Ligand SMILES: Cc1cc2nc3c(=O)[nH]c(=O)nc-3n(C[C@H](O)[C@H](O)[C@H](O)COP(=O)(O)O)c2cc1C
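Numbering (the working numbering), first residue to last: -6 to 444.
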């Protein structure tokens, strides 16, 4: 049996809404997006499958990058059409699970550190140490317009603000010493004022006095997740993150990214194993390879090209509405997610896709390597893992909850048989299960300024 160190980690990619276009139209998909029981069911399924964590993506607007309109997002139930606030959703899942990590996406560009630090400290307490924060800097003008600005902040400034945001959040989590909450009724001493400190932060972006009104989170800091892809973003991720999300169209590009990020982390004084890199995989499992391919075709047929293209427009932050649908995606200047652009360029070239086909494919978001029988999917995943492409995966579902149920029932046992995935949770907290140390107070200094 391999040691936990040599086993992969699995995160589940979920949106608190209908998710992938086509997915909500797929037979067996359940339209339960507005009820807690729907998310609780997915959480229980993932916990049966020994997943490390369940991750909610988020955005602070209905995207309108395609032709300046929200029409195709709403009409086709695309990725950004309907999103509940993920943080209260996490709390509802915490109530019915014991081991599963619970991650929400929260932007550092539009919110303030105090309420964000407070809400993650809250989820970390409610879940006894299972909270994670996917730190995003946001990149849509449509989001800026919901916060009093016409344009989003330029990337360099976004990451400067994010740096200071995390510093303030960590100072707030540290503002209660670990043993500050005494609760001695006889003394009486509820919390020791000597061990709860103001932070008196005065910076370029934020001025925060503190202390936080929540005691230090069980994990010290919640697990920090990041998906920066630009040089600034990678640098930020290499310093701050415990987990990195990315998307790659091939094992080769995953390996290149993996090497590069781990080297960066080491340059910043961290150990390579302090960061877990989890690329996206969106498997489709069938009783035979052909049946899985057929399921993929049925699913892709249900995706309107404009549903995928409106999501691609928002991910790339490029209006694709004027481009001819029957020609390939031309070279474009991409202010948005570089990783997604690299991935679609690779896909377009390899498979000779027109923009229309790309729209359907992008909407369905399946990755060829992970379509097949459970054994084939597990083989591909094990190969990426053992050949230096990743520390595990961010598993997407083409329809929910069915695709997660299939994965847990069929693929997880195959991974376990190959010795590359746990059969039991290693510990109590998400940090334990990820094999990460609990940060001591003040640990943010090395993250921000290097060790
Ligand atoms: C798997 C994955 C999930 C992501 N989820 C979100 C999300 O939910 N919300 C968001 O605003 N950005 C999300 N992003 C985008 C990243 O946060 C980031 O903005 C992007 O990778 C661009 O990085 P850059 O700003 O360094 O160019 C995601 C990226 C990846 C690869």
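Even for Gly, the Cβ is constructed at its ideal location relative to N, Cα and C. In this text the structure is predicted, and so the values were computed from the model without any measurement.
Of the choices 335, 275, 378, whose alpha-carbon is the least far from that of residue 393?
275
Could you tell me how far apart the beta carbons of residue 122 and residue 423 are, in whole angstroms, since I believe they sit closer than 8 Å?
About 7 Å separates the two Cβ atoms, so the contact holds.
By the 10 Å Cβ neighbour count, where 16 or more other Cβ atoms means buried, how is residue 273 classified, buried or exposed?
buried
Return helix, strand or coil for residue 271, following the three-state DSSP convention.
strand
Rank 293, 117, 194 by C-alpha distance to the C-alpha of residue 214 and give the top, closest one.
117
Could you give the first and the last residue of the continuous alpha helix (DSSP H) run that contains residue 383?
Run containing residue 383: none; DSSP gives neither H nor E here.
Residue 197, buried or exposed, once every other Cβ within 10 Å from all chains shown has been counted against 16:
So residue 197 counts as exposed.
Is it the case that the CB of residue 340 approaches a heavy atom of ligand 1 more closely than 6 Å?
no
Assumed close pair residue 52, residue 73 - CB separation to whole angstroms, cut-off 8 Å
Rounded to whole angstroms, the Cβ separation of residue 52 and residue 73 is 5 Å, and the two are in contact under 8 Å.
I'd like to confirm something about residue 235: is its beta-carbon nearer than 6 Å to some heavy atom of ligand 1, or not?
no
Indicate whether the contact test is met: 3 or more Cβ pairs, each with one atom in the segment 428 to 444 and one in the segment 389 to 406, closer than 8 Å.
no
Who does residue 277 pair with in a DSSP beta bridge?
364
In whole angstroms, give me the CA-to-CA distance for residue 131 and residue 178.
Taking the straight line from one Cα to the other gives about 46 Å.
Looking at residue 275 and ligand 1, is the gap between the Cβ and the nearest heavy atom below 6 Å?
no
Tell me the rounded alpha-carbon separation between residue 171 and residue 209.
6 Å
CB contact check: residue 432 to chain D, cutoff 7 Å
Protein chain content of the structure displayed is limited to a single chain, and chain D is not contained in it.
By DSSP, does residue 233 sit in helix, in strand, or in coil?
Residue state for residue 233 is assigned as helix, using DSSP reduced to three classes.
Within the continuous alpha helix (DSSP H) that includes residue 1, where are the two ends?
Taken as a continuous stretch (DSSP letters only), residue 1 belongs to no alpha helix (DSSP H), as it is neither H nor E.
Beta-carbon within less than 7 Å of residue 288's beta-carbon, same chain only, minus the 5 sequence neighbours each way: which residues are those?
277, 279
Using the beta-carbon count (16 or more within 10 Å), is residue 304 buried or exposed?
buried
Is it true that the CB of residue 54 sits closer than 7 Å to the CB of residue 135?
For residue 135 and residue 54, yes; Cβs fall inside 7 Å.
Enclosing alpha helix (DSSP H) for residue 156 [first to last residue]
148 to 167
Burial state of residue 176 (16 or more Cβ within 10 Å):
exposed
Between residue 348 and residue 320, how many whole angstroms is the CB-CB distance? I'm expecting something under 8 Å.
6 Å
Mark residue 81 as exposed unless 16 or more other C-beta atoms lie within 10 angstroms of its C-beta, in which case mark it buried.
exposed
For residue 388, count neighbouring Cβ atoms within 10 angstroms of its own Cβ and tell me buried if that reaches 16, exposed if not.
buried
Just tell me which of 326, 421, 299 has its CA closest to the CA of residue 314.
299
Within the continuous alpha helix (DSSP H) that includes residue 71, where are the two ends?
Per DSSP, residue 71 belongs to no alpha helix (DSSP H) and is neither H nor E.
Nearest to residue 56 (by Cα), restricted to the options 327, 302, 316
302
Can residue 331 be considered in contact with ligand 1, in the sense that its beta carbon sits closer than 6 Å to one or more heavy atoms?
yes
Three-state secondary structure (DSSP) at residue 51?
coil
How about residue 216 and residue 269: do their beta carbons lie closer than 7 Å?
no
C-beta atoms of residue 386 and residue 271 nearer than 7 Å
For residue 386 and residue 271, yes; Cβs fall inside 7 Å.
Using the rule of at least 16 other Cβ atoms within 10 Å of the residue's Cβ for burial, across every protein chain shown, is residue -4 buried or exposed?
Annotation note: pLDDT 45 at residue -4 (below 50); position unreliable, coordinate value reported separately. By the 10 Å Cβ count, residue -4 comes out exposed.
Compute the Euclidean distance between the alpha carbons of residue 354 and residue 371, then round it to the nearest angstrom.
22 Å
For residue 158, which of 95, 229, 327, 43 has the nearest alpha-carbon?
229
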